[in-house]
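Numbering (full-length UniProt numbering), first residue to last: 1 to 243.
Don't be surprised by glycine CBs; every beta carbon is placed ideally from N, CA and C.
Okay, structure first, notes after.
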């Protein structure tokens, strides 16, 4: 279980995230929804220890993040919103590097990498330098890297961007399986149809503030005879942003 308790992030006097109180349960796919700048990536960056909260605390399995960062990091597999990292390594070197950092035994890492390479159809391209890959290929490399250690918590920031239909389908099926096994999957998306298809619950953020948390089914019941896009835009769209 993951808990955000009164978490805020302030940049130069401006709140990017404001007093976030949120619980993410084991065994669920949890979606972060919102416009650019709503606070989705800030929330993910705090949870992954890329940045620190200005105020408030985060707990993962009852461990305080500020006191147990290394232990919590080992529980997390993270896919950032940009795959343009470690471009001078081959894909294989990148995966082996992550396996070493996470302390995955060589034989176990080799088996898992082979399984993921087969699933995502990278074949012999695994030995090529990442810099020569397309955006979609780089995304596959980063996704495989995040999963090499078989982490309990998957944190995926716009993970489907650039993936081909087969890879997108395979990743979504893996997300479902991972959650069914009692683990947590947290992902951000701009695609409401994907959120509706996958998420057990969602959080909608607007200007750094949490404005809704719950299931999409519950949200729709509160706005009868309206589709999800209309509901979302009423809550967080241009007109709502001006309120």
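- For residue 54, DSSP records no beta bridge to any residue.
- Between the alpha carbons of residue 210 and residue 204 lies a gap of roughly 6 Å.
- Between residue 3 and residue 58, the C-beta gap is smaller than 8 Å, which places the two residues in contact.
- For residue 189, there is no enclosing alpha helix (DSSP H); the enclosing beta strand (DSSP E) covers residues 184 to 189.
- Contact check for residue 163 against residue 139 passes: the beta carbons are separated by less than 8 Å.
- Taken through DSSP and simplified to helix, strand or coil, residue 125 comes out as helix.
- Taking 8 Å as the cut-off, the Cβ atoms of residue 35 and residue 167 do not count as close.
- Judged by their CB atoms, residue 53 and residue 39 are not nearer to each other than the 8 Å cut-off.
- Rounded to the nearest angstrom, the gap between the Cα atoms of residue 222 and residue 84 is 41 Å.
- One Cα belongs to residue 31, the other to residue 196, and the distance between them is close to 9 Å.
- In this structure, residue 94 lies near residue 141, with their beta-carbon atoms less than 8 Å apart.
- Following the DSSP letters along the chain, one finds residue 170 in no beta strand (DSSP E) but inside the alpha helix (DSSP H) bounded by residues 165 to 180.
- Rounded to whole angstroms, the Cβ separation of residue 234 and residue 188 is 21 Å, and the two are not in contact under 8 Å.
- Annotated three-state conformation of residue 45 is helix, per DSSP.
- Here the alpha carbon of residue 175 sits roughly 23 Å from the alpha carbon of residue 71.
- Around the Cβ of residue 134, a 10 Å sphere holds fewer than 16 other Cβ atoms; the residue is exposed.
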